[in-house]
Every structure is written in C-alpha cells, then in structure tokens.
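FYI, the numbering for the sequence shown is 10 to 549, going by the working numbering. Backbone N, C-alpha and C define an ideal beta-carbon position, used for all residues, glycine too. Here the structure is a predicted model, which means the values were calculated and not measured. This report refers to the structure that appears directly beneath it.
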Amino acid sequence: MNEDASPRAAWLDLIGLVAATAVGLVVAARGFPLALFAAFTDLLVRGPMGAGVYAAAVLAVAIAVPALLPRQPGWPVGAAGLAVFLVIDLTAADVMMKGLMPIEVGTTRDIAIALAAAAGLGLALGGVLLALAQTSPATRWWVGAGLSAGLVLHEVASELFRAVLPRHTEHPSSASAGQRGIVDGIDVEVWLTLGLVLVAAVVAHVRRSGHGVAAPARFRPGAIVAVIAAAALLLLGLALRRRAILELRLGSDEMAGREATTESFAQVSAVVLAVVVALLLTAYAYRLGRAPAARWVVLGAAAAPVAAFGFPYGGPSSATRTSLVLLFGILAVAGGALAARHAARMLPWDAIGVVVTAAATPWSWPEVRAELPSADTVGPVLIAVGLGLAFGSGIVLVTEPTGTPPPGPAGTVNDLADGDSATTDAPAAAAPAVAVAPAAVAPAVAPEGEPAGGRTGQGGGDLAGVLVLGPAALVLCASALAPVVLKSQVGGLIEEDPSFTVPLFSTVGAVLLVLLFRLARAVNRRRPDPRAEAPTSQMV
C-alpha cells in the first residue's frame, strides 16, 4: 500500500467537492427560479399559456438526460451543459426575459434560445450527478455534500458575487464597442464554475486511467422516461387548471361568492398536481432503488417550494445575515452528511431537516416580517439549517452503500448476485464469487481510483438514474406550487390566504420520509445480510 496516496487523494477529492458546489450554486441561482413562470397561469389566464411554463419542464428533462450516458464520464457532460448556457448568456441579451416572460413579445427564435439555455443548466446538473454516481464510494459523499451546499446556499453566494463584482447596467452583448470586451460580473460565477468542472474532469480522467477498460453498460431509459411523463403530466395539468380557473372567473361575474370558490380551486388544484407528479416519480424511484431512492425523490418534492424560490429578503442583505446563513448552512450540510454516514439508522435526518424548513416558512409571511424585524435574519438561517440538514443527509443516504442493499431482479441485490462481494480488497478465496457477477452489472465507468467493475453499491447507470429523479421532482413540484407560493407572499391581498399550504405540504413530505425510514429498517431487520452468507456460498 502506498502511504502517500491518501493525502494526494484527499486533495483530488477536494477538487470534485468545490466543482460540485459551484455547479449547484449556478444551477440553483439560474435554473430553479424558472419554475416561477408557472405562476403566470393564475395571473394571466387570458391568451395562450406563456412559453415560460415550459422552461421548468425542459430543465427537469435535461437533468435526467445524462442518466442515458452511463458509459460517459460525468464531468465533461456537465462542462458541455455549462458551455452551452454560457455561450447563450453572452451572445443573447436578457434571453430569459425576452423569450419566457409573458409580458414580453418574444419571437420563436428567442423562445428556442431561452429553452436551450435552460437545457444547458439541466445538463450541467445532470452531468455532476452522473459524475457523483461514478465516484468511488469511499469519497462519494464529498461530492454529494458539495453539491448539496451549492443548492442550499445559492442565494448567499449570489449576494457575495454581486458585492465583489457589481453587475454592469448593460449586458455584454448590448454594451458599447468600448465596453464589449468587459465580462459582466454576474457571468464570472459561470466562468469559474466551468473552469472548476474542466479541472475536475481532467483529474477524474487521470485517476481513472490505467484501471482497465470500462465494462459494458446496460441502456436503461427508465429515469428519463419517468421524468418526461411527469413533465408532460405537469404541463397538461397546468393547461387544464388554467382553463378551469378562466371558466370559474367568467362565471363569477354572474354569480356572487364565486371568487372564494375560484381561489380555493386554484390552491387545491396546484397542490394536487404537485402531489401527483411527486407520487409518479417516487413510485418509479422505489421500483429502481427501494426506500432510499424513494426518500431522495420525496425529499426533493417536499423541499421544492422553499429550495426553488428561496426566502424573500426585505431589501439588501446585511453582512451579519449573510455570514450567519453561510456559516449555519455549511455546518448543517456537513452535519447532515456525517450523520447519514455514521448514524443513518438512528434517525431520519432528511425528515428532520424538512420539518425545520417547514417550521421556518412562517417567518416569510408579510405579517410576521412586519411585526418582527428579526424575521429577515432568523428565517433565512433556519431555512439554511433545515435545507442543509435535509439535502446533506439525503444525498449521502441515497449514494452511500450502507446497510444491506435493496434486492434487485432475478435474485440479485443491487445487481450483484447473492453472495457476491462488494469490495475490491476481498480475500483471494472470494475471487470466484466475484467473478460470477456478470460484467453488465458493473458501473459503466469505473469509480475514480478503482478498476472497472470495482466496488459499488449500485451500478453506475442505476445510481445516476436514481440521483436525477430528486432534482427533477424538485423542479416540477416547484413549478406546480409556484402560484401558491407567490400568493402566500402577498398575504391579506386575497380572500383565500394560502400561507399554510407550503408548510403543510412540506410536513406531509416529512411524514412520508419517516414512514419510508421505518419501512427500510423493518425490511433490513428481516432480510439476512448476503455478506454474512458469502463464506457459506463459497464453501459450496
């Protein structure tokens, strides 16, 4: 054993952590707000449904696309997505506003460019999730924790970039000839992220070289098919819901008291649409990876309205508030990841994080913020703690090969035959048992620092398919709940106040996470450990 390998590996893993954090920051800051366009289905019910409604669906589908490429390294795929977004952002001035805002008159070309930019962001996040699935299980939690930190703390990072590099009044593509060579400060974050991802891609390639040829991968389109089905269901539901609201509003002119009925229908239908989308993706995730995979999707859906739209700040953020959110958010992500690694069977850490997030949402209500000035600081800190704990533990729980893996088809366990070893450092006597596992079940691209077909809890393609379902559920459920979230921020201006809808939705998700946690414990308690039976099978 080379004693110098461990410090070197730690530094190389740190590169992946920083790159994943940067991608999470960019995608959450630029991509997640696209779900807010669905709110215009309530505000502007006349005329055709705006093109912005399709942006969230395109983003979700693009996140799932890298799951179709299990044999390709994930970091270059993420870099390609970032490059697409950066090129569009630099060449087209305010592309999102022109192409997606319903109050803007965008051409077909503007709409196509805006949707392509959304697809680039989704491809970037999906590429990092694919790289996470291909990373060695021993250090996979590093990259997962970094990505979670980026998704949770994107608002704080954006504020820091705006403070250090103020944005110019004009977009680079529309600036004067003398200023056209100046890069806008808001684009520096994307440039840095692209550079970090390229460095991580080179490091992953160097570490993977010399470990043999990648094993053949089975083509499994199930994840992207499920996401496409959920996105199509969302768009159809939004269209039908919009038409029904229009008819109710037209009828309210003839019958008194119909306004309350219309608002109640708008609120309930949005929640029902989000629940149906979440259940569809959760059902497929459970089929793919049992309770751990289902918990990852439920987490994304339960945290969607807060993680996607963030916390409404009342004016510029103070240095104290930014520092507190950053500090407690990082500690929460790290604590959640460590708790999931070392005490996963003790408590449902993801559910606890969601409960904290739900309890923090009342601090965003206009009435509370008007009465308590400290709400602008306490609320963001509690949300950062809740989301950090939830995502930090959730992504480790779904990627960490802890406990007994779920059973797979045809008498296999996570695509490994019963009795097969899950490690590369197994004794020589266990070599025949390892050899009988078919090559197709090994990861398509070997984990960094390990031979192709080395240890893994799940096949690389299977794990990537599970991972993309969580962010896809987050984006789609946030789009379905966008009208409710927007109305909750203008409390008192409408008769039916939906303020309690968001915390209630998240609380129900936390209850479901607890039930899945107890289900997994009960199943693991009844199922014998295949690793304990390995010596017996080898003797036979």
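Pull up the distance between the alpha-carbon of residue i and that of residue j, whole angstroms please.
i, j, result
"V280", "G33", "27 Å"
"L574", "G345", "Here the chain covers residues 10 to 549 and nothing more, so residue 574 does not appear."
"A89", "V208", "13 Å"
"W84", "A269", "50 Å"
"V35", "E409", "25 Å"
"A232", "L138", "13 Å"
"D386", "R330", "It is Thr, not Asp, that sits at residue 386 in the sequence shown. Answer to the nearest angstrom: the Cα atoms are 5 Å apart."
"L247", "V211", "43 Å"
"P301", "T116", "44 Å"
"P181", "A235", "Residue placement at P181 is flagged as unreliable, the pLDDT there being 44, under the threshold of 50; the coordinate-derived value follows with that caveat. In a straight line, the C-alpha of P181 is about 39 Å away from that of A235."
"P389", "A348", "23 Å"
"L21", "A125", "32 Å"
"G204", "S278", "43 Å"
"G338", "G397", "6 Å"
"P460", "G298", "Because the pLDDT of P460 is 36, which lies under 50, any placement of that residue in the model is unreliable, and the number read from its coordinates should be weighed accordingly. Their backbone Cα atoms lie some 24 Å apart in a straight line."
"A73", "S327", "37 Å"
"G136", "V86", "5 Å"
"I97", "Y295", "37 Å"
"G159", "V342", "10 Å"
"A529", "D119", "48 Å"
"L476", "L245", "25 Å"
"A368", "L335", "19 Å"
"A154", "A489", "27 Å"
"V377", "Q276", "22 Å"
"V532", "A303", "14 Å"
"R534", "V199", "47 Å"
"T411", "G474", "Its pLDDT being 47, under 50, T411 is placed unreliably by the model, and nothing is read from it."
"A123", "L45", "15 Å"
"G323", "G395", "Only weak support exists for where G323 lies, its pLDDT of 48 falling under 50; the value from the coordinates is given anyway. The alpha-carbon atoms of G323 and G395 are separated by roughly 21 Å."
"A76", "S157", "19 Å"
"G129", "L169", "24 Å"
"L249", "A66", "16 Å"
"A352", "D471", "25 Å"
"P357", "V307", "13 Å"
"A60", "A48", "12 Å"
"A379", "R216", "55 Å"
"S497", "T516", "17 Å"
"I361", "L282", "25 Å"
What are the boundary residues of the alpha helix (DSSP H) that includes residue i?
i, result
"Q143", "T117 to Q143"
"R149", "R149 to V161"
"F94", "G83 to T100"
"E376", "P375 to E380"
"S383", "Counting along the chain, S383 falls outside any alpha helix (DSSP H), and DSSP gives it neither H nor E."
"V62", "V62 to A73"
Of the residues the options, which one's Cα is nearest the Cα of residue i?
i, options, result
"V284", "V70, L513 and R217", "L513"
"A64", "F337, A127, N533 and E168", "A127"
"V365", "A294, L347 and V520", "V520"
"P627", "G159, A147 and F274", "The displayed coordinates of the chain run from 10 to 549. Any statement about residue 627 would go beyond what the structure contains."
"G403", "A31, L335, S497 and L522", "L522"
"S373", "I361, L391 and G362", "L391"
"A166", "R39, A369 and I361", "R39"
"F400", "L335, L340, D196 and V161", "V161"
"V405", "T144, A60 and R229", "T144"
"L132", "A69, L141, A154 and S497", "A69"
"A253", "A239, E272, A238 and P375", "E272"
"L43", "Q81, L109 and T100", "L109"
"A238", "A213, R251 and T291", "T291"
"F526", "V494, A379 and W305", "W305"
"E164", "S383, F318 and L356", "F318"
"A9", "G518, L356 and A60", "Summary: the structure shown does not reach residue 9, with the chain confined to residues 10 through 549, and so no result is reported for it."
"L134", "V173, T30 and G59", "T30"
CB of residue i to nearest heavy atom of the ligand ATP: below 7 Å?
i, result
"S402", "Annotation note on the ligand ATP: not contained in the displayed structure, which lists no ligands."
Using a Cβ-Cβ cut-off of 8 Å, state whether residue i counts as contacting chain C.
i, result
"A287", "Among the chains in the structure shown there is no chain C, since it carries only a single protein chain."
Practice item. Taking only runs that begin and end inside the stretch 296 to 359, name each unbroken alpha helix (DSSP H) of 4 or more residues, in chain order. Key: Annotation note: the stretch 296 to 359 contains the following uninterrupted alpha helix (DSSP H) runs of length 4 or greater, listed N- to C-terminal: 313 to 318 and 328 to 351.
* Is the stretch 468 to 484 close to the stretch 287 to 304, with three or more CB pairs under 8 Å? -> Counting Cβ pairs under 8 Å, three or more are found: they touch.
Inter-stretch contact at 8 Å, needing at least 3 Cβ pairs: the stretch 140 to 153 / the stretch 23 to 32: The stretch 140 to 153 vs the stretch 23 to 32: in contact.
- Message: List, from N- to C-terminal side, the alpha helix (DSSP H) runs of 4 residues or more that fit wholly inside the stretch 232 to 296.
- Response: Residue ranges of uninterrupted alpha helix (DSSP H) with 4 or more members are absent from the stretch 232 to 296; none lies entirely inside it.
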